[in-house]
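Undergrad: Mind having a look at this structure? Questions to follow.
There are 2 protein chains.
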Amino acid sequence: MKKLGLIAGKGKLPVLVANAAKEKAIEIISIAFTEQIGDELRPFSQKVYHYGVGQAEKIINTLKQEGVEYVIILGKVDKGIIFNKFSFDWRALKSLGRIRSGSDESLFSAIKEELGKDGLKLLDQTLFLQDYLAKKGVLTSRRPTNKEWQDVEFGFQIAKEIGRLDIGQTIVVKDRTVLAVEAIEGTDEAIRRGCHFSNGNAVVVKVSRPHQDFLLDAPTVGSQTIETMKEGRASVLALEAGKTLIVDLAKMIYQANQANIAIVGI
Amino acid sequence: MKKLGLIAGKGKLPVLVANAAKEKAIEIISIAFTEQIGDELRPFSQKVYHYGVGQAEKIINTLKQEGVEYVIILGKVDKGIIFNKFSFDWRALKSLGRIRSGSDESLFSAIKEELGKDGLKLLDQTLFLQDYLAKKGVLTSRRPTNKEWQDVEFGFQIAKEIGRLDIGQTIVVKDRTVLAVEAIEGTDEAIRRGCHFSNGNAVVVKVSRPHQDFLLDAPTVGSQTIETMKEGRASVLALEAGKTLIVDLAKMIYQANQANIAIVGI
């Protein structure tokens with residue numbers, strides 16, 4: 018691979034990928050969804066274009082004209098933008114019209130199909146981020162207690178079932194009881210709700226779906242996750258090893274140690 | 018059965034049961050958790066006692082002294098009372114100490130075991146409430162659209178899986194996407210959350226668990242359910258026929274018709 022198209026939303030992941038790809042002497046053409054994202058990617062990119070999320074036609078044509086064959090899409094996109102129909106061009110709308118359900122799987126296969134029509138190949142989000150995947154074992158000073166390990170194991174089973182049903186990736190448990198299941202409200206809100214009903218010491222488990230699409234939706238945690246857990250007095254964060262991306266690992270571990278939270282890869 | 022012990026929390030179900038049992042010339046000994054509940058049950062009861070939720074010893078002794086053999090427990094109990102350890106007597110605490118997890122199943126088997134020790138037999142909450150179980154078919158003027166029927170069927174499958182995992186009874190879906198899964202936050206909050214992410218026209222599905230304990234936890238809906246759905250601009254309420262209790266059916270149907278909501282038993 019000599020050239021990589023990077024279609025980038027908010028957050029730290031796009032910069033991490035751009036940095037890792039540049040170190041391998043890969044040329045990067047960035048499509049940034051906002052000016053700010055573009056500014057962050059400029060030092061690593063040969064060219065930076067600014068397009069809206071829904072401008073599928075322009076994005077695809079630009080990448081083709083630049084001679085791009087391989088593409089990585091990642092970073093967060095504000096829901097407000099996604100659900101604003103006026104921000105979609107005809108090609109994006111036609112593609113969305115074929116979506117069978119609102120599930121991620123359905124949305125993602127539409128995106129892949131659309132890119133594929135023009136010969137663009139989507140690469141796994143974690144391809145350049147192997148160093149950022151959660152490792153097996155306890156990552157913090159604090160280790161889970163025996164009781165907490167039981168909750169981690171119980172929670173892992175349940176979370177995998179929830180993932181299999183294509184509902185969400187995160188659950189909150191305590192005393193082998195499910196306090197919150199994430200659907201589309203997002204990880205932080207699910208953690209907040211579970212903690213609210215826990216009276217402290219909740220265990221948060223985040224896993225990949227059995228059919229997780231790492232091309233478009235690798236499970237990700239960052240320092241915000243620990244911040245939310247700290248506010249809710251949660252005690253353990255369990256992540257599926259080798260499948261969950263950790264942004265700012267050092268900061269997360271520092272925060273977790275300060276808050277007496279255990280982080281484990283399972 | 019000549020005598021029935023009715024251990025009663027808040028809501029309309031205890032009065033409905035007391036009324037139905039009295040019509041069958043069954044004598045009722047009520048244990049009311051608050052003065053107000055006691056006042057509501059007095060017209061139907063031979064005697065009314067007031068005890069706290071945690072006064073297991075007093076409740077059991079009283080029922081035995083009254084010659085009660087069969088018991089129905091139902092009605093809501095404020096969570097604040099349940100989780101206040103000072104409100105439990107030694108017998109209740111000893112019983113709670115044996116609970117393996119915080120799940121309903123575990124709590125319920127402890128209660129049954131404790132009653133059983135003194136020869137008290139727990140009866141199904143729906144025993145006197147057969148007329149109040151949801152029936153198959155459309156109960157409202159408005160029928161679900163084809164698309165909504167698809168969501169009802171999709172939601173029913175998912176809700177059954179969520180029940181099988183002993184997580185909750187209610188889910189909210191739209192466009193074959195799960196918007197909210199109820200864990201321990203309660204039906205109304207799950208509906209509110211799902212509706213918030215639906216932008217209108219959400220489908221609410223409530224089912225029994227495959228191992229639902231109708232002795233202590235029959236799925237129940239009432240006019241509050243429709244009220245919450247109306248606020249969230251939801252469009253369909255689907256209930257498992259023959260397994261879900263409907264309190265104030267007439268009022269619910271009136272409200273649903275006013276709000277253009279469809280109620281179906283499936």
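Chains as they are written, first to last, in our numbering: chain A, 18 to 283; chain B, 18 to 283.
Even for Gly, the Cβ is constructed at its ideal location relative to N, Cα and C.
Quantities reported herein were computed from a predicted structural model and do not represent experimental measurements.
Could you check whether I179 (chain B) and V198 (chain B) sit closer than 7 Å to each other, using their CB atoms as the reference points?
TA: Stepping through the second sequence from its first residue, residue 198 (chain B) is reached at position 181. Stepping through the second sequence from its first residue, residue 179 (chain B) is reached at position 162. A contact, by the Cβ cut-off of 7 Å.
Undergrad: Using a 10 Å radius around the Cβ and a threshold of 16 neighbouring Cβ atoms, would you call D141 (chain A) buried or exposed?
TA: Counting from one through the first sequence, the residue named residue 141 (chain A) turns up at place 124. Classification of D141 (chain A): exposed, given that the 10 Å Cβ count is below 16.
Undergrad: To the nearest angstrom, report how far apart K247 (chain A) and I278 (chain A) are at their CA atoms.
TA: The residue given as residue 247 (chain A) occupies position 230 in the first sequence. The residue given as residue 278 (chain A) occupies position 261 in the first sequence. One C-alpha to the other measures close to 8 Å.
Undergrad: On a CA-only basis, which of A:E244, A:T204, A:A255 and A:G55 is nearest Q174 (chain A)? Give me that one, please.
TA: Taking the first sequence and counting its residues from 1, one reaches residue 174 (chain A) at position 157. Here the closest residue by C-alpha is A:A255.
Undergrad: What is the residue span of the beta strand (DSSP E) that T47 (chain A) lies within?
TA: Indexing the first sequence from 1 puts residue 47 (chain A) at position 30. The amino acid occupying residue 47 (chain A) in the given sequence is Ser; Thr does not appear at that position. Per DSSP, S47 (chain A) belongs to the beta strand (DSSP E) from E44 to A49.
Undergrad: Do the segment 216-230 of chain B and the segment 180-193 of chain B touch if we need at least three Cβ pairs shorter than 8 Å?
TA: yes
Undergrad: Taking 7 Å as the threshold (C-beta atoms), are L21 (chain A) and Y87 (chain A) in contact?
TA: Taking the first sequence and counting its residues from 1, the one referred to as residue 87 (chain A) is at position 70. Taking the first sequence and counting its residues from 1, the one referred to as residue 21 (chain A) is at position 4. Yes, they are a contact pair.
Undergrad: Are any of the Cβ atoms in chain A nearer than 7 Å to that of V224 (chain B)?
TA: Within the second sequence, residue 224 (chain B) is the residue found at index 207, counting from 1. For V224 (chain B), the answer is no, since every Cβ of chain A falls outside 7 Å of its Cβ.
Undergrad: For S62 (chain B), which residues in the same chain have their Cβ closer than 8 Å to its Cβ, ignoring the five residues on either side in sequence?
TA: As a working mapping, residue 62 (chain B) is identified with position 45 in the second sequence. Same-chain partners within the cutoff: L23, A35, I45, I46 and S47.
Undergrad: Quick one, which residues of the segment 161-189 of chain A are near chain B if we go by CB-CB under 7 Å, in chain order?
TA: I175, E178, L182 and I184
Undergrad: Between the C-alpha atoms of A127 (chain A) and F231 (chain A), what's the straight-line distance to the nearest angstrom?
TA: If you number the first sequence from 1, residue 127 (chain A) lands on position 110. If you number the first sequence from 1, residue 231 (chain A) lands on position 214. Approximately 15 Å between the Cα atoms of the pair.
Undergrad: Using a beta-carbon distance cut-off of less than 7 Å, what residues from the segment 198-225 of chain A approach chain B?
TA: V198, A200, I201, E202, R210 and F214
Undergrad: Looking only at its chain, what residues have a beta carbon closer than 6 Å to the beta carbon of I76 (chain B), apart from the 5 residues adjacent to it on each side?
TA: The residue labelled residue 76 (chain B) in the question sits at position 59 within the second sequence. Result list for I76 (chain B): I48 and Y68, in chain order.
Undergrad: Does L233 (chain B) get closer than 7 Å to chain A when you measure Cβ to Cβ?
TA: On the second sequence, position 216 is the one that residue 233 (chain B) refers to. No, its Cβ sits nowhere closer than 7 Å to a Cβ of chain A.
Undergrad: Would you tell me roughly how many angstroms separate the C-alpha atoms of D56 (chain A) and T157 (chain B), rounded to the nearest one?
TA: The sequence position of residue 56 (chain A) within the first sequence is 39, counting from 1. The sequence position of residue 157 (chain B) within the second sequence is 140, counting from 1. When rounded, the distance between both Cα atoms is 56 Å.
Undergrad: Flag L196 (chain A) as yes if its beta-carbon sits less than 7 Å from any beta-carbon of chain B, otherwise no.
TA: As a position in the first sequence, residue 196 (chain A) is number 179, starting the count at 1. At least one chain B Cβ lies under 7 Å of L196 (chain A).
Undergrad: Cβ atoms of L30 (chain B) and G92 (chain B): under 7 Å apart, would you say?
TA: The sequence position of residue 92 (chain B) within the second sequence is 75, counting from 1. The sequence position of residue 30 (chain B) within the second sequence is 13, counting from 1. Their beta carbons are under 7 Å apart, which means G92 (chain B) touches L30 (chain B) by this criterion.
Undergrad: Alpha carbons only, please: which of B:V281, B:Q167, B:R210 and B:L132 is nearest the one belonging to G154 (chain B)?
TA: For the purposes of this step, residue 154 (chain B) is identified with residue 137 of the second sequence, where counting begins at 1. Comparing Cα positions, the closest option is B:V281.
Undergrad: Report the three-state DSSP secondary structure of L132 (chain B) (helix, strand or coil).
TA: Sequence index remark: in the second sequence, residue 132 (chain B) carries index 115 (1-based). Correct three-state label for L132 (chain B): helix.
Undergrad: Which value, in whole angstroms, describes the spacing of the CA atoms of R160 (chain A) and A207 (chain A)?
TA: Mapped onto the first sequence, residue 160 (chain A) falls at position 143. Mapped onto the first sequence, residue 207 (chain A) falls at position 190. So the alpha carbons of these two residues sit roughly 23 Å apart.
Undergrad: Taking the beta strand (DSSP E) that H67 (chain B) falls in, what are its first and last residues?
TA: Position 50 of the second sequence, counting from 1, holds the residue named residue 67 (chain B). Start and end: K64 to H67.
Undergrad: Less than 6 Å between C-beta atoms, sequence neighbours within five positions excluded: which residues of the same chain meet that for T4 (chain A)?
TA: Since the first residue shown for chain A is 18 and the last is 283, residue 4 (chain A) is missing from the structure and cannot be characterised.
Undergrad: Classify G133 (chain B) as buried or exposed, calling it buried when 16 or more other Cβ atoms lie within 10 Å of its own Cβ.
TA: Start at 1 with the first residue of the second sequence, and residue 133 (chain B) comes out as number 116. Per the 10 Å Cβ criterion, exposed.
Undergrad: Which word fits Q40 (chain A), buried or exposed, when buried means at least 16 other C-beta atoms lie within 10 angstroms of its C-beta?
TA: Sequence index remark: in the first sequence, residue 40 (chain A) carries index 23 (1-based). Looking at the sequence provided, one finds Glu at residue 40 (chain A) rather than Gln. Result: exposed.
Undergrad: Going along the chain, which residues of its own chain have a beta-carbon closer than 6 Å to the beta-carbon of S225 (chain A), five neighbours each way excluded?
TA: Start at 1 with the first residue of the first sequence, and residue 225 (chain A) comes out as number 208. Hits under 6 Å: P236, E257 and K260.
Undergrad: Would you tell me roughly how many angstroms separate the C-alpha atoms of V32 (chain A) and S215 (chain A), rounded to the nearest one?
TA: Position 15 of the first sequence, counted from the first residue, corresponds to residue 32 (chain A). Position 198 of the first sequence, counted from the first residue, corresponds to residue 215 (chain A). About 36 Å.
Undergrad: Alpha carbon to alpha carbon, how far is R209 (chain A) from A200 (chain A)?
TA: Taking the first residue of the first sequence as 1, we reach residue 209 (chain A) at position 192. Taking the first residue of the first sequence as 1, we reach residue 200 (chain A) at position 183. Spanning the two alpha carbons is a distance of roughly 14 Å.
Undergrad: Can you tell me whether DSSP reads A273 (chain B) as helix, strand or coil?
TA: Within the second sequence, the letter at position 256 stands for residue 273 (chain B). Three-state DSSP puts A273 (chain B) in a helix.
Undergrad: If you check the beta carbons only, do D205 (chain A) and T245 (chain A) fall under 7 Å apart?
TA: The count along the first sequence starts at 1 and reaches residue 205 (chain A) at position 188. The count along the first sequence starts at 1 and reaches residue 245 (chain A) at position 228. Against a cut-off of 7 Å, the Cβ pair of T245 (chain A) and D205 (chain A) comes out as a contact.
Undergrad: Tell me, which residues are paired with L139 (chain B) by DSSP?
TA: Numbered from its first residue, the second sequence carries residue 139 (chain B) at position 122. Paired residues: B:V88.
Undergrad: What would DSSP say about G55 (chain B), mapped onto helix, strand or coil?
TA: Residue numbering aside, residue 55 (chain B) sits at position 38 when the second sequence is read from its first letter. Here G55 (chain B) sits in helix by DSSP.
Undergrad: Quick one: which unbroken beta strand (DSSP E) runs of 3-plus residues sit fully inside the segment 165-229 of chain A? Chain order, please.
TA: 187-191, 194-198 and 220-223
Undergrad: Can you grab the Cα-Cα spacing for the pair E165 (chain B) / I243 (chain A), in whole Å?
TA: What you label residue 165 (chain B) is simply residue 148 of the second sequence in a count that begins at 1. What you label residue 243 (chain A) is simply residue 226 of the first sequence in a count that begins at 1. Counting only the Cα atoms, I243 (chain A) lies some 39 Å from E165 (chain B).
Undergrad: When the Cα of V169 (chain A) is compared with those of A:G203, A:L233, A:I283 and A:I270, which residue comes out closest?
TA: Here residue 169 (chain A) is taken as the residue at index 152 of the first sequence, counted from 1. Among A:G203, A:L233, A:I283 and A:I270, the Cα nearest to that of V169 (chain A) belongs to A:I283.
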